[in-house]
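Novice: Quick one: structure below, then a few questions.
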Amino acid sequence: MTAQQQRMDALSNDIANVNTTGYKHERTRFRDLIASPTGLGGAEQVGAGAGAAAESAGRGWGQGVLQTTGQPLDVAIQGDGFLQVKLADGRTGLTRNGSLHIDARGRVMTAEGSFLQPPVTLPEGVSASDVQIASDGTLAAQGRPIGRMVLVSVTSPHKLDDTGAGVYTTNAASGAARAAGAGTTVAQGTLEASNVDLGDAMVELMAAQRGFQMASQAVRSQDEMLSIANGIKQ
Amino acid sequence: MERGLYIAASGMLAEQARQDLISHDLANASTPGYKADRTITSSFSAMLLKDASSGQSVGALGLGARIEEQVTDVTPGPLRETGEPLDFAVQGDGFFAVRGANGVRYTRDGQFQVSARGGLVTASGDEVLGAGGQPIRVGPDGTVAGTEIGVTRLDAAKRAGDNLFTGTARGASTAPVRVGALESSAVDAVRTMADMMGSLRAFEAGQRVITTIDSTLGKAASQVGGI
C-alpha cells in the first residue's frame, strides 16, 4: 500500500505539472522484497516475500511538444540536452525550461532567475526583439554574433539530482555534463511543453488506486483471520 | 481426539502461510516482470492406527497439512508500451541476465538505465548482459537495440527479491526483445482474490473443527462421570 501511495504521489505531481514548460514526467519503479521462511505452516524452502517497494526511477526524458510563442527569447531544446545555468548557490544547474528573459543590465536569465552559464549579455542598445538565435544556440543581433548558449548532456540523465523548478544538477552517478551532440538543437520562438500525457497519467492513477485497494483487501483478510483465530477460545 | 486438535491447527497454520504468499502477490500487482507463486499443500505422511486391545488395524490417519512447495509460475504477463528507449520486454520464454555483487541473476523486469560510464544497468546498478555474457554499452543516441540483449532460458526459477530470480540457465532463448515496452506483473487479480477468500474460509473451517473438538472434550471432562 505504501508503494502504491508513493506512485500516486508521483502521478499527482505529474498531473499538476501538465502545463509546466520543460517538465519531464516522473517514473516509479516497483520491486519485490526479499522472502523469509513462513514458519510452521510451510516446509523449510517455502518463503513468503515481504511485499513491494516503490522507488523513483528518474524521469521519462521523452521530447515534449513544441509550442510556438513568438517571443524572441523563448527557446525549446530539441533532442537530448539541457541549457546550462548558474544557480544562486554557485552550482551549475541544467534545465530544459527555455523561457528566457533579460535583466536590467541585459544579462540573459531563465524564468526562475538563474543566469546562463557561460553568461550571455546583450550589448547596449540591443533589445530582446533584435536577437536571432540559431539552431546551434548562437545569439546574434543585427547580424553580429553576441554570444552562445551552451547545450550540454549527461551520460545518465535518470540519475540527475532534482533541485525543483525543472533544474537538475549532476552527480557521480549521472556523469559530468559534456557538450551535447549535433542532434541537439534549439528552436527560437517556441517552448517545450510538459511531456506528461494526461491520458496515460489518468490510467496509471486508476491502476495505482486498484493496486492500493487490492493490498487493503489483503490487510482486511489478515485481520479477519486473526479475529477467527481469536474465536478459538470461547 | 487430541490428535484432531493438532491436525486442525496445522491446517490453519498452512492457510496462514498461504495468506502471506497471496498478500505478497497482491502487493506486487504493479511490479514489472513479477511472477506469481503457486503453492502445493500436502499432508504429512499418514500413520496406521491400531486397536490397542485386539491389535486390529483401524485405518490410516493423516497428521495435518503444510505447504510443501512453492512454485513460481513463469507465465508471461501482458506487455505494456511505455515509449521509453531503455525499457525492454522479453516476448515469450526467457529472462534477462544481469550481473551484480552476488553474481549473475535473472530478471523479466526490463526497466533499465544508463550508468555514468555508459553501460546498460538495472535500477539497482546491476550490469545487463548481452548474448555472450558481456556488458552492454548504450549507443551515443541513448538507445540499445533489442537484439544486443541476451535472453536466457531458465529452469527452476526461484525468487531472490528485488525482481531478480536465481535458477539453472539452459542456453539462449530465441524469444525476441521488444524495445519501449515493459512486462506487467503476471498477478491475476481475480484469481488471487478468489484464492484469498478460499484460504480465509478454509482457515475458518479449521477453527470450527477446533471449537467442535473442544466442546466434545469439554463434555467428556464435565459430563461423563457426572451424577
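Here the protein sequences come in this chain order: P and C. Residues in the first sequence are numbered consecutively from 20, following my numbering. Residues in the second sequence are numbered consecutively from 2, following my numbering. We treat Cβ as the ideally placed atom computed from N, Cα and C, and that holds for glycine.
#1: Please list, in chain order, the residues of the region 195–213 of chain C that have any C-beta partner in chain P closer than 7 Å.
#2: Can you pull the chain C neighbours of L135 of chain P, defined as C-beta to C-beta under 7 Å?
#3: Whether or not the region 209–224 of chain P and the region 37–47 of chain P are in contact is what I'm after, with contact meaning three or more pairs of Cβ atoms, one per stretch, closer than 8 Å; do they touch?
#4: Identify each residue in the region 158–177 of chain P for which the Cβ-Cβ distance to at least one residue of chain C is less than 7 Å, and report them in chain order.
#5: On the CB-based measure, 16 or more other CB atoms within 10 Å of its CB, does I53 of chain P come out buried or exposed?
#6: In this structure, does DSSP put K159 of chain C in helix, strand or coil?
#7: Assuming L22 of chain C is part of the alpha helix (DSSP H), what are its boundary residues?
#8: Under 8 Å, Cβ to Cβ, is there at least one residue of chain P near A37 of chain C?
#9: To which residues does DSSP link Q71 of chain C through a beta bridge?
#10: With a cut-off of 8 Å, does the C-beta of Q224 of chain C fall near any C-beta of chain P?
#11: For V94 of chain P and A201 of chain P, I'd like the C-alpha separation in whole angstroms.
#12: Near R39 of chain C, what residues of its chain come up, given a Cβ to Cβ distance below 7 Å and the 5 sequence neighbours on each side ignored?
#13: What first and last residue would you give for the alpha helix (DSSP H) that runs through S240 of chain P?
#14: Would I150 of chain C and F97 of chain C qualify as a contact pair, given that the criterion is a beta-carbon distance under 8 Å?
#15: As a quick exercise: from C:G84, C:E85, C:G95, C:G60, pick the residue whose alpha carbon is nearest that of P77 of chain C.
#16: K51 of chain C by DSSP, collapsed to three states: which one?
#17: Find the residues of chain P that neighbour R67 of chain C, judging by a C-beta separation of less than 8 Å, and give them in chain order.
#18: List the residues that DSSP assigns as beta-bridge partners of M197 of chain C.
#19: Report yes if the C-beta distance between I34 of chain P and T212 of chain C is below 8 Å; otherwise report no.
#20: Using 8 Å for Cβ pairs, my map puts P142 of chain P next to A160 of chain P. What's the rounded Cβ distance?
#21: Rounded to the nearest angstrom, what separates V210 of chain C and E184 of chain C at their Cα positions?
#22: So who's on the other strand from Y42 of chain P, going by DSSP bridges?
#23: Counting Cβ pairs closer than 8 Å, one from the region 92–109 of chain P and one from the region 203–210 of chain P, do we hit at least three?
#24: How close, in whole Å, do the beta carbons of N164 of chain C and D110 of chain C come, if the pair is a contact with beta carbons under 8 Å?
#25: Report yes or no: is there a C-beta of chain P within less than 8 Å of the C-beta of T218 of chain C?
#26: Would L121 of chain C pass as an interface residue toward chain P - the criterion being a Cβ-Cβ separation below 8 Å?
#27: Does the structure place the region 143–160 of chain C close enough to the region 59–66 of chain C that three or more beta carbon pairs sit under 8 Å?
#28: Taking the alpha-carbon of Q86 of chain P as reference, which of P:N116, P:A76, P:S75 has the nearest alpha-carbon?
#29: Of all the options C:Q135, C:R179, C:L27, which has the alpha carbon lying nearest to the alpha carbon of A37 of chain C?
#30: Going by DSSP, which residues form a beta bridge with E74 of chain P?
#31: How about A62 of chain P and E85 of chain C: are their beta carbons less than 8 Å apart?
#32: Using 10 angstroms around the beta-carbon of P138 of chain P, count the other beta-carbons present and answer buried if the total reaches 16, otherwise exposed.
#33: Can you name, in chain order, every residue of its own chain whose Cβ lies under 7 Å from the Cβ of I23 of chain C, other than the five neighbours on each side?
#34: Express the C-alpha separation of F113 of chain C and A196 of chain P in angstroms, rounding to a whole number.
#35: Ordered along the chain, which non-local residues of its own chain (more than five positions away) have a Cβ less than 7 Å from that of G66 of chain P?
#36: Just curious, the beta strand (DSSP E) that R167 of chain P is in, first and last residue?
Specialist: Per the coordinate set shown:
#1: Listed by position, the residues of the region 195–213 of chain C near chain P (Cβ gap below 7 Å) are M197, L201, F204, E205, Q208, I211, T212.
#2: Contact of L135 of chain P with chain C by beta-carbon distance below 7 Å is absent, the smallest such distance being about 24 Å.
#3: Flag = yes, the region 37–47 of chain P and the region 209–224 of chain P touch.
#4: Hits within the stretch, in order: T174, S175, H177.
#5: By the neighbour-count rule (16 or more Cβ atoms within 10 Å), I53 of chain P is not buried but exposed.
#6: In this structure, K159 of chain C counts as strand in the three-state DSSP scheme.
#7: Per DSSP, L22 of chain C belongs to the alpha helix (DSSP H) from 3–28.
#8: So no, A37 of chain C is outside the interface.
#9: Paired residue(s): C:T40.
#10: So, not an interface residue.
#11: Going from the Cα of V94 of chain P to the Cα of A201 of chain P covers about 17 Å.
#12: Contacts found: V72, D74.
#13: Element bounds for S240 of chain P: 217–249.
#14: Yes. Within cutoff.
#15: For the residues C:G84, C:E85, C:G95, C:G60, the minimum Cα distance to P77 of chain C belongs to C:G95.
#16: Correct three-state label for K51 of chain C: strand.
#17: Per Cβ cutoff of 8 Å: L59, G60, G61, A62.
#18: In the DSSP assignment, M197 of chain C is bridged to no other residue.
#19: It is not a contact, given that the beta carbons lie outside the stated cut-off.
#20: Right, their Cβ atoms sit about 7 Å apart.
#21: Their backbone Cα atoms lie some 44 Å apart in a straight line.
#22: Beta-bridge pairing links Y42 of chain P to no other residue.
#23: Flag = yes, the region 92–109 of chain P and the region 203–210 of chain P touch.
#24: Yes, N164 of chain C and D110 of chain C are in contact; Cβ-Cβ is about 4 Å, under 8 Å.
#25: For the record, residue 218 of chain C in the displayed sequence is Leu; it is not Thr. Answer no: the Cβ-Cβ gap between L218 of chain C and chain P never drops below 8 Å.
#26: No, its Cβ sits nowhere closer than 8 Å to a Cβ of chain P.
#27: Cβ pair count under 8 Å is below three, so no.
#28: Per the Cα distances, P:N116.
#29: Cα-wise, what sits closest to A37 of chain C is C:L27.
#30: DSSP lists P:R48 as partners of E74 of chain P.
#31: The criterion of a C-beta distance shorter than 8 Å is not satisfied by A62 of chain P and E85 of chain C.
#32: Exposed, because fewer than 16 other Cβ atoms sit within 10 Å of the Cβ of P138 of chain P.
#33: Excluding five sequence positions before and after I23 of chain C, the CB atoms of its chain that fall closer than 7 Å to its own CB belong to T193, D196, M197, S200, given in chain order.
#34: Rounded to whole angstroms, A196 of chain P to F113 of chain C spans 21 Å at the Cα level.
#35: Answer for G66 of chain P: A54, S55, P56, T57, listed in chain order.
#36: Start and end: 163–167.
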